[in-house]
Amino acid sequence: MDSLARAGRTDADLFLSQLQGRLLSQLASQVTNAIFGGDDPETSGQVIFGDTRIDFSRSLTSIELTIFDGISTTEIVVPQLVIN
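The opening residue of the sequence shown carries number -5 in our numbering; numbering runs sequentially from there.
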């Protein structure tokens, strides 16, 4: 990262930002594995990561995610790919 991009950010800030990104990526992997992983994917469940809770529900037509971060709730509905 060049000096202009780092302006105002310490090495500790950069490290924490990268660490947070990797932890959130790991959380996304856990949710993905729970929904799609293995021979017997789950149709619903919950993943908790610190103060963040992700509830998921999978149907034949969509996947619904509810993300609660301790302050606000975000709902996401993703259509499922149906192959005939």
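Heads up, the beta-carbon is just placed ideally off N, CA and C, and yes, glycines get one too.
**Study point:** Residues near A28 by beta carbon distance below 8 Å, same chain, minus five either side
**Key:** Cβ neighbours of A28 beyond the five flanking positions: P35, E36, G39, V41, F50.
Review point. Between V41 and chain D, is there a C-beta pair that is closer than 9 Å?
Key: Within the model displayed, chain D is absent; a lone protein chain is all it includes.
Check your understanding: Whose C-beta lies closer than 6 Å to the C-beta of M(-5) among residues of the same chain, with five residues either side of it excluded?
Key -> Residue placement at M(-5) cannot be trusted, given a pLDDT of 49 that sits under 50; what the coordinates show is reported in the next sentence. Listed in chain order, the non-local C-beta contacts of M(-5) below 6 Å within the same chain number zero, local neighbours out to five positions each way being set aside.
Review point. Mapping DSSP to helix, strand and coil, what is G85?
Key: Absent from the structure is residue 85, since the part of the chain shown begins at -5 and ends at 78.
Review point. From S11 to L17, what distance separates their C-alpha atoms?
Key: About 10 Å.
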